[in-house]
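Engineer: Sharing a structure below in structure tokens format, with a few things to ask.
Number of protein chains: 2
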Amino acid sequence: MRKPTLQDVAQAAGVSYATADRVLNARGNVSARAEARVRDAIDRLGYRRDVHAANLSRRRVYRFLFLLPSGDHSFFRSLREAVLAEKAGRAPDRVAVSLREVRAFDSGALAEALSSLDPDQCDCVAFVGLDSPAVLEQAARLDKAGVRVLTVVSDAPAPGRAAYVGIDNTGAGRTAGRLMALGHTGRAGLILPLIGTRAAKDHVDRLEGVTQVLADSARIALLPVVEALDSPDRMRDAVGQALADAPGLTGIYSMGAGNRGLFQAIEALDPDTRPLVIVHELVPHSRAALEAGLIDAVIDQKPAEEIAAALDIMRALADGLPVPPGPGITPTIYVKDNLPAQPAPGTEGDPRK
Amino acid sequence: MRKPTLQDVAQAAGVSYATADRVLNARGNVSARAEARVRDAIDRLGYRRDVHAANLSRRRVYRFLFLLPSGDHSFFRSLREAVLAEKAGRAPDRVAVSLREVRAFDSGALAEALSSLDPDQCDCVAFVGLDSPAVLEQAARLDKAGVRVLTVVSDAPAPGRAAYVGIDNTGAGRTAGRLMALGHTGRAGLILPLIGTRAAKDHVDRLEGVTQVLADSARIALLPVVEALDSPDRMRDAVGQALADAPGLTGIYSMGAGNRGLFQAIEALDPDTRPLVIVHELVPHSRAALEAGLIDAVIDQKPAEEIAAALDIMRALADGLPVPPGPGITPTIYVKDNLPAQPAPGTEGDPRK
DNA sequence: CAGAAAATGATTGACGTCTATCAGATTCGC
DNA sequence: GCGAATCTGATAGACGTCAATCATTTTCTG
Numbered sequence: 000m001r002k003p004t005l006q007d008v009a010q011a012a013g014v015s016y017a018t019a020d021r022v023l024n025a026r027g028n029v030s031a032r033a034e035a036r037v038r039d040a041i042d043r044l045g046y047r048r049d050v051h052a053a054n055l056s057r058r059r060v061y062r063f064l065f066l067l068p069s070g071d072h073s074f075f076r077s078l079r080e081a082v083l084a085e086k087a088g089r090a091p092d093r094v095a096v097s098l099r100e101v102r103a104f105d106s107g108a109l110a111e112a113l114s115s116l117d118p119d120q121c122d123c124v125a126f127v128g129l130d131s132p133a134v135l136e137q138a139a140r141l142d143k144a145g146v147r148v149l150t151v152v153s154d155a156p157a158p159g160r161a162a163y164v165g166i167d168n169t170g171a172g173r174t175a176g177r178l179m180a181l182g183h184t185g186r187a188g189l190i191l192p193l194i195g196t197r198a199a200k201d202h203v204d205r206l207e208g209v210t211q212v213l214a215d216s217a218r219i220a221l222l223p224v225v226e227a228l229d230s231p232d233r234m235r236d237a238v239g240q241a242l243a244d245a246p247g248l249t250g251i252y253s254m255g256a257g258n259r260g261l262f263q264a265i266e267a268l269d270p271d272t273r274p275l276v277i278v279h280e281l282v283p284h285s286r287a288a289l290e291a292g293l294i295d296a297v298i299d300q301k302p303a304e305e306i307a308a309a310l311d312i313m314r315a316l317a318d319g320l321p322v323p324p325g326p327g328i329t330p331t332i333y334v335k336d337n338l339p340a341q342p343a344p345g346t347e348g349d350p351r352k
Numbered sequence: 000m001r002k003p004t005l006q007d008v009a010q011a012a013g014v015s016y017a018t019a020d021r022v023l024n025a026r027g028n029v030s031a032r033a034e035a036r037v038r039d040a041i042d043r044l045g046y047r048r049d050v051h052a053a054n055l056s057r058r059r060v061y062r063f064l065f066l067l068p069s070g071d072h073s074f075f076r077s078l079r080e081a082v083l084a085e086k087a088g089r090a091p092d093r094v095a096v097s098l099r100e101v102r103a104f105d106s107g108a109l110a111e112a113l114s115s116l117d118p119d120q121c122d123c124v125a126f127v128g129l130d131s132p133a134v135l136e137q138a139a140r141l142d143k144a145g146v147r148v149l150t151v152v153s154d155a156p157a158p159g160r161a162a163y164v165g166i167d168n169t170g171a172g173r174t175a176g177r178l179m180a181l182g183h184t185g186r187a188g189l190i191l192p193l194i195g196t197r198a199a200k201d202h203v204d205r206l207e208g209v210t211q212v213l214a215d216s217a218r219i220a221l222l223p224v225v226e227a228l229d230s231p232d233r234m235r236d237a238v239g240q241a242l243a244d245a246p247g248l249t250g251i252y253s254m255g256a257g258n259r260g261l262f263q264a265i266e267a268l269d270p271d272t273r274p275l276v277i278v279h280e281l282v283p284h285s286r287a288a289l290e291a292g293l294i295d296a297v298i299d300q301k302p303a304e305e306i307a308a309a310l311d312i313m314r315a316l317a318d319g320l321p322v323p324p325g326p327g328i329t330p331t332i333y334v335k336d337n338l339p340a341q342p343a344p345g346t347e348g349d350p351r352k
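As you go down the protein sequences, you meet chains V and U in turn.
First residue of the first sequence: 0, per numbering that gives the first Met the number 0; consecutive thereafter.
First residue of the second sequence: 0, per numbering that gives the first Met the number 0; consecutive thereafter.
In structure tokens form, the structure reads like this:
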């Protein structure tokens, strides 16, 4: 009743251990007949290779690399922190995670970083997708060289890309729209959509989503989109301007970053009549604004979960297993009352013994 | 630069492998001096025991048991399904998960099940907490006998209970209240609170939460609480009654189960003027109601994540590690647009090769 | 049918740890 | 300082797999 070993398989197949091993590890020099018998025995016995024993024997270490945007955007920072946190936690499982930073939104730099990657030093790379020919080409090259490639946060339609881990941004935009509509039950509204840049696919997708949902409701109108380039200063000015121009403003939906400026503008308003505000990404500033009642909801893509899910998939890819399905990452809605416990700073890592 | 082995530690400490092993595994018969030298070497080298090699050698299998409520409540069913799904996925990691069903809310049955547990057959049990002396006593007994004990979904203040995995239900109730308030921006409201039973702590906690938040807003009033005992029929009747009695009803918050009856009652109303509806737990019925636009939001405690988190903790407990912090489970808000992809039925498990 | 090529079996030493045994060394009580 | 108790070192065989070698058998080729 014990789990069958390869020895058992060999015996059941009527071949030697060596032959069973040759089949299992595709070493060649096996007759079709013997291979069939072994495969059959594997099925019959329900044999599963003991990955841990195997990894022990071959001294295997999984080498995974994250190429993530540098810069001090809080969201990218939390992505990078999530990687470092996982790094410590996965070490006992023979997973060596490393992190390299590349200039944000710079497809040239990303392609360069990918091209300098030695396929013998890395089993799997993950990066934030950028739709550029050079990037796609490098992804294909790595795939051919035996390095599994996956995208996170934002997809890139590279042919060799084995998986994407991230949220559906159109859905996230629709979610924001749904909340806006909820906040306008029984009354008319005028909403200001703030975007970082039209060049960012995720921002555009969110815009499309919110537009879809709000188009349904005749009473809610959208002002023209303002591009604030993820800059707090521009953001503050743009919001000030909009509030002055449109006194009847009832909602603000910010699809990009740089929300610090937005919060400053709102702080100046009467809390009882301020517009309904929804922003993206739970970072220290947005969390504080939510707790202070300056804003109403934050839509988050849970970077820590994203990284964890990516690592699980990288692991499966490296072992040659099918990518586990999993429900994908769904955007989460935070209000003041369902915030996760504040992680104590510096508590990550260092699990003794 | 390789990871140090116990052999390296022994050498660095100037003792034999056998002595280092005696220290590491607390086998006794070691002088204080030798022990100190070994401990020091462990620290200096940053030695970590290779758990996988150790488990291989000692043929260890983690035996974890979930005692979960039986019955066909969708929520309990999804809990049980989550356990079965994890069971397959964790087998390669030497984790043997088993599931036993006990009558829901029956503390006698739970205590009985706990008492019949053989400490030699199980490393860790998880159950849905019930605050009864018999249950607490059994938890303490098991803890003494070396079986780690944790509660899920609902806590029990047992002294031996090593961890609780579940959401903060007061927070969940507040979250619902916040959404209700959002849906009543700029207008007055009258809300019907539906509860399963006052005997269930989680229901009462949610009620307290929603009351807290709505007390702040002078324009929103709460009707007297209706106990529907998680029964669809009672639920339907209660809602029908309330709609007749209070034509100005603008919101319904259902804190318990049996929402099928609620959905039936709402289906009969004019979709444009129906009250705002919030329920708990994303199960097939509530999901369908959300997709159909019958209700506005579902607050979910993510049973699959809860089980996964519980298993991670059980594993850590069994290895004698400190319980990893982790942000706990926060209740998630689902609207029509951020629903997880429907898991294809029967796709779980059976990962070949 | 001989010779070459291909397939198979048998075996061995890792990997890092556990568990056990046994002989030898050190310390202790008295 | 003698026997007993305690401590220490050395070693060996597992666990399930990998990777390699070598001898042998079978099959193919012409």
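Ideal Cβ placement from N, Cα and C applies to all residues, glycine included.
What residues in the segment 259-287 of chain U have a beta carbon less than 7 Å from any beta carbon of chain V?
Structural biologist: Only Leu-275 from the segment 259-287 of chain U bring a Cβ to less than 7 Å from some Cβ of chain V.
Engineer: Who pairs with Asp-299 (chain U) in a beta bridge, going by DSSP?
Structural biologist: Under the DSSP definition of a beta bridge, Asp-299 (chain U) partners with U:Thr-331.
Engineer: For Gly-170 (chain V), go through chain U and note every residue whose CB falls closer than 7 Å to its CB, in chain order.
Structural biologist: Asp-336, Asn-337
Engineer: Can you determine whether any heavy atom of the ligand MN sits closer than 8 Å to the C-beta of Lys-143 (chain V), and answer yes or no?
Structural biologist: With respect to the ligand MN, the structure offers nothing, as it holds no ligand at all.
Engineer: Determine, using beta carbons only, whether Gly-345 (chain V) comes closer than 9 Å to chain U.
Structural biologist: Confidence in Gly-345 (chain V) is poor, its pLDDT being 40 and thus under 50, which makes the residue's placement too unreliable to answer from.
Engineer: Asn-28 (chain U): buried (16+ other C-beta within 10 angstroms of its C-beta) or exposed?
Structural biologist: exposed
Engineer: Determine the chain V residues that contact Ala-52 (chain U) at a beta-carbon separation under 7 Å, and present them in chain order.
Structural biologist: Leu-55
Engineer: Using the beta-carbon of each residue, which ones in chain U are nearer than 8 Å to Val-186 (chain V)?
Structural biologist: Strictly speaking, residue 186 (chain V) in this sequence is Arg, with Val absent from that position. Here the neighbours are Thr-184, Gly-185, Arg-186.
Engineer: Please name the residue, chosen from U:Gly-327, U:Ala-340, U:Asn-337, that lies closest to Pro-339 (chain V) on a Cα-to-Cα basis.
Structural biologist: U:Gly-327
Engineer: Roughly how many angstroms separate the alpha carbons of Asp-20 (chain V) and Arg-58 (chain U), rounded to a whole number?
Structural biologist: 22 Å
Engineer: Please name the residue in U:Arg-36, U:Lys-2, U:Leu-149 whose C-alpha comes closest to that of Phe-63 (chain U).
Structural biologist: U:Leu-149
Engineer: Measuring CB atoms only, is the segment 71-84 of chain U touching the segment 37-47 of chain U, in the sense that at least three cross pairs come out at less than 8 Å?
Structural biologist: no
Engineer: What does DSSP give as the partner residue(s) for Glu-266 (chain V) in the beta ladder?
Structural biologist: DSSP lists no partner for Glu-266 (chain V).
Engineer: Is Leu-268 (chain V) closer than 9 Å to Ala-237 (chain V) when the C-beta atoms are compared?
Structural biologist: no
Engineer: Can you list the beta strand (DSSP E) stretches of 3 or more residues lying completely in the segment 111-176 of chain U, in chain order?
Structural biologist: 123-127, 147-151, 160-164
Engineer: What does DSSP give as the partner residues of Arg-62 (chain U) in its beta bridges?
Structural biologist: U:Ala-95
Engineer: When you compare the CB positions of Tyr-163 (chain V) and Cys-123 (chain V), do they come within less than 9 Å of one another, or not?
Structural biologist: no
Engineer: So that I know if they touch, is there some Cβ in chain V lying closer than 9 Å to that of Ala-12 (chain U)?
Structural biologist: no
Engineer: Would you mind telling me which residues of chain U sit closer than 7 Å to Leu-221 (chain V), beta carbon to beta carbon, in chain order?
Structural biologist: The premise fails here: Leu-221 (chain V) is roughly 17 Å from chain U at the closest Cβ pair, so nothing lies under 7 Å.
Engineer: Suppose you measure from the CA of Thr-169 (chain U) to the CA of Ala-264 (chain V); what does that come to, to the nearest Å?
Structural biologist: 32 Å
Engineer: Which residues does DSSP pair with His-183 (chain U) in a beta bridge?
Structural biologist: In DSSP, His-183 (chain U) forms no bridge with anything.
Engineer: Any contact between the segment 97-107 of chain U and the segment 294-314 of chain U? By contact I mean 3 or more CB pairs, one from each, below 8 Å.
Structural biologist: no
Engineer: Indicate whether Thr-329 (chain U) and Asp-130 (chain U) have their beta-carbon atoms separated by less than 9 Å.
Structural biologist: No, the Cβ-Cβ distance between Thr-329 (chain U) and Asp-130 (chain U) is not below 9 Å.
Engineer: Which residues in chain U sit within 8 Å of Gly-327 (chain V), going by Cβ to Cβ distance?
Structural biologist: Pro-339, Ala-340
Engineer: With the cut-off set at 9 Å, would you say Gly-188 (chain U) and Gly-182 (chain U) are in Cβ contact?
Structural biologist: yes
Engineer: Taking all protein chains shown into account, do 16 or more other C-beta atoms lie within 10 angstroms of the C-beta of Gly-107 (chain U), making it buried, or fewer, making it exposed?
Structural biologist: exposed
Engineer: Within this structure, are the beta carbons of Pro-118 (chain V) and Val-94 (chain V) separated by less than 9 Å?
Structural biologist: Inclusion of Pro-118 (chain V) and Val-94 (chain V) in the CB contact set at 9 Å is not warranted, their separation being larger than that value.
Engineer: Chain U partners of Asp-295 (chain V), CB-CB under 7 Å?
Structural biologist: Ordered by position in chain U, the residues that pass the 7 Å Cβ test against Asp-295 (chain V) are Leu-181.
Engineer: Here's the rule I'm using: 16 or more other beta-carbon atoms within 10 Å means buried, otherwise exposed. How should Pro-158 (chain V) be labelled?
Structural biologist: exposed
Engineer: Can you grab the Cα-Cα spacing for the pair Leu-98 (chain U) / Phe-65 (chain U), in whole Å?
Structural biologist: One alpha carbon belongs to Leu-98 (chain U), the other to Phe-65 (chain U), and they sit about 5 Å apart.
Engineer: Under DSSP, the beta strand (DSSP E) around Ser-230 (chain U) begins and ends at which residues?
Structural biologist: Looking at the DSSP string, Ser-230 (chain U) is not in any beta strand (DSSP E), and its letter there is neither H nor E.
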